[in-house]
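Protein chains in written order, with the numbering used here: chain A, 136 to 273; chain B, 306 to 1385. Okay, so here's the structure we're looking at.
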């Protein structure tokens, strides 16, 4: 049973939740990840970002830091507080480049910190790397 | 030794013979019996030949056995006897050996044999003999040693006086060796006479007694010597057998006796030769010896007399009479004693004696006798008394001279001087007469020992009247032993007073006769040369002291006059100085000052003139009301007295003013005769003159002119000072205004760190009241709070550096007394009065909180701008990348490229925003003014923002007239409007309602933009519109923070204003009011 479950889990398509208030960035990231064969749930609303994650239970979350309602760091903290979700790696997209911001992000439990502007290809590589998948799909 | 004679051998041979004697008869008897037996047997029954043969054979054998047996017995007996005899003879041998030892001289030989037989007895007897021999030998040795070690020469003689033995000391003393002595008669060593004497005495003696005689002995080396000979018998076995003689050398004794004799005669000679009287007394005070001087003085041999009789002629003992008895003192104390006594000499004159007594010890150590030595010191005592008297006189003289010199008023000490003189000369009185100034009469200043009535008669004397008058006239002293018989003093009043001795001495001053003094006694007294000399000396001292005191009085009065004059001048000067110095307005005190000068210089008019700008002289002040202040007196270059003084820079004195040629004089001054004009110069600058006018003819002394110059220079300084004071006051008030108006805090500190001044700004920055801080130490003002530690340390360090002459600049956060923190920069610089003298420090504080905030705003701005740039860049870069990689299909690629375009526009707008604000900041924004339709502009802007409004789901309500014309820069106005609407969009939630009202009110264009967005907190409201400032609520928003700043700048470019009203959470209203600019 256990073996079957693992196999099942392994065979499952990885799911990514992307939250960003900038529609074109959301669009771009969504397109890129989907092309790589990943399942993407994208949202521009940061207010219910936690609820989306709770519902979807994704394999990875990509958050924008600067969002009008709830900032990415807030969302990150909420996710990390939830034992059910705490294991999910979180990527933080931000225009902030200062070191102190990075430290703040890592403290809140951010797995990787991606500074805007970024290359979608590199983002995808990082995401696959974090999911433990080889970038065989290209 | 013959062996055969030895005892064992004798015993052995005896035994041998005895044995032989025993054995032989036995053998013979046996052989005979055997033969008989053969014969008897043969006789009974004849024996066959064989039998016979057998028998004979046994018979021979038996015979042989007997021989062998005998031999055996013999040998055995020999051996036994040999052993036996050895044992028996052993103690005898021991005894023999011991005896041999004893005889050979070994001492204390003892044998150990305790048997009771004869040999035992013999051994014990031997032991006793041995011990006795030992004892005797020791006794003999002791006797011999006694003789040998005797320090006194000893000889042992036999009955015939033949020397048996002589002690080594004898040989040593008299030079003979023992071989030269032993065997010879003692008498051979004595001279003939002595030998005879000894023989006689031995003959005379009863044989047992001692013979003792002094004889002469012939020595080997030194000829005849006196010796003492003692002969005594030594009895041996109760019979006189030998004699012993002690021979003592008498040389040393003789020498000692002779030396003693010489010593004694020497001491006697010494004692006799001294002039002192020397006697020796015993305990009975009887003189046992007296020297020659004593005998000569008393004229008899005093030995045997008592000392008190011999010396003092008293029959009674001194101490019984109550006098000091030196002998008794010494007997009692055992120590030397010294005293001075007095007796009567041959002519019954008193004789002083210096008496010294010494103890003479007897053999028991007690004082047996006393030596008394007396010296006649009469002359010395007299001489000492003479010296004492001289000393007394000199002391007196010295005291008089001190009295006179100590007092600056010579007359005041006359009584004391007379008193002292009387004491010195043992006289009864005296007095002093002084000559008057003219030298015509004498007056008695003081006297002693005379009645007032008497003195009243002769208190004043004419020159040549009575004794003092005569002495004063002749200037030669008079000394009279007794005036009663003195012809010189016949007509003197002093003769009727009982005065006998009299001396009158003139007192000479340096230049003239001063007076006379006299002393007298009521009994005759001779004045010796020495007395006259001393009185002469006293007169000289008195003369000098008179001169001195007169000189002193004169000097003092001169000094007092001078002092008074100087003091007056000084007072005037001080008054003037204080008057001039104390008044800030010199004009008020010029009049009184001139009045003072006039008075102190005894002038009739004092006039102060000053040079005016035109080079002429104007009247500044005067003591005459006819001269008006500021009145022009002389034109430039006129030949007045004042100009002359100014030209020469020296005081000018003119007499005969009205008649003087070539001098211009104001008509009001014509009435004065003399004038003094003193120029007022400060450094090289001439200010004017002070002139004094006198009605009479006077010629001012140098001192007066000098005084005047001093006063005038004070005037000059005061005038100059006033001028400087005024200019300094202006500078100072300027500096103070500057200090008070600048934003930086300036504190001046003394070298000790005490606040000297503090401007308003400093007080504000430091959070204290600046006007109250003066006089407090800076280290007290700065809070010692822990948070303030850094600031305090830095400040104190900075101040320390400033005190060392270095400037230092620091930045720190300071805590004010009220607890607020303020970031400041401050620097302390040394304040210098001159190049090398530090007078404190100047500290400048600057509140940099605004600057820091500005800095932070700029940083925030840069960060914000960079963030805003990054977002569109992300889209541009990422989407372009994806399109290029052909990862999206054609339609999607188109969307992508559109987005890229939009974002590029956004980026471009941002760049122009930043550029706009940069231009506004640098003031280089162009202003292109035209008549524009504002409504049209609004519509254009709304159109351009349409997509944003739609995105934001906002509703815009725009109300206005159809057309509003204003004068302005349409681009700028558009920019402003767009920013205002964008702000409302940015700082609000979606679905915001924006209302835009544009109208003309009171000739002004009013633009109001309402929204129901987040609003701005009251705290941030005042700062809204400042460059770079974004309210806290906007942290998470996009925006450069420049929007309102740009709007405000644009409004002010159009001569308008921008106002913001807002309530947090309810909405914001921005109002722009600007003139229509002449447009309809």
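For every residue, glycine included, the Cβ atom is placed at its ideal position computed from N, Cα and C.
Nearest-angstrom beta carbon gap, residue j and residue i [assumed within contact, 8 Å]
{"i": "residue 996/B", "j": "residue 980/B", "result": "6 Å"}
{"i": "residue 265/A", "j": "residue 218/A", "result": "Contact doesn't hold; Cβ gap of about 20 Å is too wide."}
{"i": "residue 1376/B", "j": "residue 1313/B", "result": "5 Å"}
{"i": "residue 728/B", "j": "residue 701/B", "result": "7 Å"}
{"i": "residue 552/B", "j": "residue 475/B", "result": "7 Å"}
{"i": "residue 419/B", "j": "residue 400/B", "result": "Contact flag wrong, Cβ pair sits at about 14 Å."}
Proximity of residue i and residue j at Cβ, strictly below 7 Å
{"i": "residue 533/B", "j": "residue 549/B", "result": "no"}
{"i": "residue 1290/B", "j": "residue 1246/B", "result": "no"}
{"i": "residue 1271/B", "j": "residue 1381/B", "result": "yes"}
{"i": "residue 656/B", "j": "residue 628/B", "result": "no"}
{"i": "residue 946/B", "j": "residue 959/B", "result": "yes"}
{"i": "residue 1084/B", "j": "residue 1124/B", "result": "no"}
{"i": "residue 736/B", "j": "residue 749/B", "result": "yes"}
{"i": "residue 813/B", "j": "residue 848/B", "result": "yes"}
{"i": "residue 1165/B", "j": "residue 1351/B", "result": "no"}
{"i": "residue 661/B", "j": "residue 638/B", "result": "no"}
Chain B contact for residue i (CB, 7 Å cutoff)
{"i": "residue 160/A", "result": "yes"}
{"i": "residue 179/A", "result": "no"}
{"i": "residue 184/A", "result": "no"}
{"i": "residue 266/A", "result": "no"}
{"i": "residue 212/A", "result": "no"}
{"i": "residue 243/A", "result": "no"}
{"i": "residue 230/A", "result": "yes"}
Partners in chain B for residue i, counting only beta-carbon separations shorter than 8 Å
{"i": "residue 256/A", "result": "1186, 1190"}
{"i": "residue 166/A", "result": "1187, 1192, 1193, 1197"}
Residues of its chain near residue i, where Cβ-Cβ distance is below 7 Å and the 5 sequence neighbours each way are ignored
{"i": "residue 251/A", "result": "228, 229, 230"}
{"i": "residue 954/B", "result": "984, 986"}
{"i": "residue 1027/B", "result": "891"}
Contacts around residue i, its chain only, beta-carbon distance under 6 Å, and the 5 residues preceding and following it disregarded
{"i": "residue 1232/B", "result": "1274, 1358"}
{"i": "residue 1369/B", "result": "1320, 1322"}
{"i": "residue 815/B", "result": "852"}
{"i": "residue 1355/B", "result": "1277, 1281"}
{"i": "residue 168/A", "result": "151, 175"}
{"i": "residue 339/B", "result": "364"}
CB contact below 7 Å: residue i versus chain A
{"i": "residue 1107/B", "result": "no"}
{"i": "residue 1121/B", "result": "no"}
{"i": "residue 1384/B", "result": "At residue 1384/B, the pLDDT of 46 sits below 50, so the modelled position is not reliable; the number obtained from the coordinates is stated separately. Not an interface residue."}
{"i": "residue 1175/B", "result": "yes"}
{"i": "residue 1338/B", "result": "Confidence is the limiting factor: at residue 1338/B the pLDDT is only 45, short of 50, which leaves the residue's position unreliable and the question unanswerable from this model."}
{"i": "residue 1370/B", "result": "no"}
{"i": "residue 1318/B", "result": "no"}
{"i": "residue 1162/B", "result": "no"}
Residue i: CB within 6 Å of a non-hydrogen atom of the ligand NAP
{"i": "residue 909/B", "result": "Here there are no bound small molecules, and the ligand NAP is not part of this structure."}
Chain-ordered neighbours of residue i on chain A, where CB pairs are closer than 9 Å
{"i": "residue 1053/B", "result": "Simply none; closest approach about 43 Å."}
{"i": "residue 1373/B", "result": "Simply none; closest approach about 17 Å."}
{"i": "residue 1215/B", "result": "None at all; the shortest Cβ gap to chain A is about 13 Å."}
Partners in chain A for residue i, counting only beta-carbon separations shorter than 7 Å
{"i": "residue 1179/B", "result": "160, 251, 252, 253"}
{"i": "residue 1255/B", "result": "Those within 7 Å of residue 1255/B in chain A number zero; the least Cβ separation is about 13 Å."}
{"i": "residue 270/B", "result": "Within the shown structure, residues of chain B are numbered from 306 to 1385, placing residue 270/B beyond reach of any answer."}
{"i": "residue 1361/B", "result": "Under the 7 Å cutoff, chain A gives no residues; its nearest Cβ is about 32 Å from residue 1361/B."}
Where residue i meets chain B, residues with beta-carbon distance less than 7 Å
{"i": "residue 227/A", "result": "Going along chain B, no residue has its Cβ under 7 Å from residue 227/A, so there is no contact; the nearest lies around 14 Å."}
{"i": "residue 219/A", "result": "What residue 219/A touches in chain B: nothing, since even the nearest Cβ is about 28 Å away."}
{"i": "residue 209/A", "result": "Ordered by position in chain B, no residue passes the 7 Å Cβ test against residue 209/A, which lies about 10 Å from the chain."}
Close beta carbons around residue i, own chain, < 8 Å, minus the five adjacent residues each side
{"i": "residue 1472/B", "result": "Examination of residue 1472/B is not possible in this model, given that chain B is present from 306 through 1385 alone."}
{"i": "residue 214/A", "result": "185, 188, 196, 220, 221, 223, 225, 244"}
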